[in-house]
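Written below as structure tokens is the structure these notes are about.
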Amino acid sequence: MRDTIYTQALRRASDAEGGSAALASVLNVPQGTLERWMSGRAQTPLRAFLKVLERLTAHEASGAAPVPLANGEPLSFHMGQLLARCGRCDGIEFAPADAGAPLKLTSALLCRACGEKVVHGNLLSQLAHDAVQYSHAMTAARARRHLPRPRALAKKSARDGER
Ligand SMILES: [Zn+2]
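Last residue of the sequence shown: 414 in this note's numbering, with the numbers rising by one and none dropped.
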């Protein structure tokens, strides 16, 4: 199972809500669907991910969700082949503005290249939006056969073909 920003956020939200049944009802989806998202077997839809970020932010504020400590390591965020980028310089590495403090979704991050300040949760939701657009663009491009398939996707379907 591949750990992604989606599966991590869903697991943390599920813990904070008191289980996947509770989170499924918050998200208004069948528990089986949520569990496929949580295991990474199905893609978490954008709308559900944004709702999860919203709930997690509220739980972090109330102390219900455990928050990892920022450990001073540079942070980068990826979904599939996409990396979260600084809006000013396109940088892909970020550092917590407050090293050693809990890394909440409301925490400020600084671009390591130019120092631009971004909010952790905003960066993730922007990345999720970009990931959806990217996947639509790739699907359209493949349908037109104008672009080669990205390697990660090609590998995945090769695997699928082995089953
Ligand atoms: Zn920057």
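Glycine included, C-beta positions come from ideal geometry on N, C-alpha and C.
List the endpoints of the continuous beta strand (DSSP E) containing L360.
Walking along the sequence shown from the start, residue 360 turns up at place 109. Run containing L360: A359 to C362, per the beta strand (DSSP E) assignment.
Helix, strand or coil for V318 per DSSP?
Position 67 of the sequence shown, counted from the first residue, corresponds to residue 318. Of the three classes helix, strand and coil, the one that applies to V318 here is coil, per DSSP.
CB-CB under 8 angstroms to M424, same chain, minus the five flanking residues each way: which ones, in chain order?
This structure does not reach residue 424, given that the chain is present from 252 up to 414, and the question cannot be answered.
Less than 8 angstroms between C-beta atoms, sequence neighbours within five positions excluded: which residues of the same chain meet that for D349?
Residue mapping note: residue 349 aligns to position 98 of the sequence shown, counting from 1. Taken in chain order, the residues that qualify are A321, S358 and A359.
Return yes when at least one heavy atom of ligand 1 lies under 7 angstroms from the C-beta of R253, else no.
Residue numbering aside, residue 253 sits at position 2 when the sequence shown is read from its first letter. No, Cβ of R253 sits at least 7 angstroms from all heavy atoms of ligand 1.
Alpha carbon to alpha carbon, what distance is there between G314 and A379?
What you label residue 379 is simply residue 128 of the sequence shown in a count that begins at 1. What you label residue 314 is simply residue 63 of the sequence shown in a count that begins at 1. Roughly 25 angstroms separates the two Cα atoms.
What's the gap between the Cα of R253 and the Cα of G366?
Translated into the one-based positions of the sequence shown, residue 253 becomes position 2. Translated into the one-based positions of the sequence shown, residue 366 becomes position 115. Straight-line Cα distance between these residues: approximately 31 angstroms.
Coarse secondary structure for V218, derived from DSSP in three states
Limits of the chain in this structure are 252 at one end and 414 at the other, which puts residue 218 out of reach.
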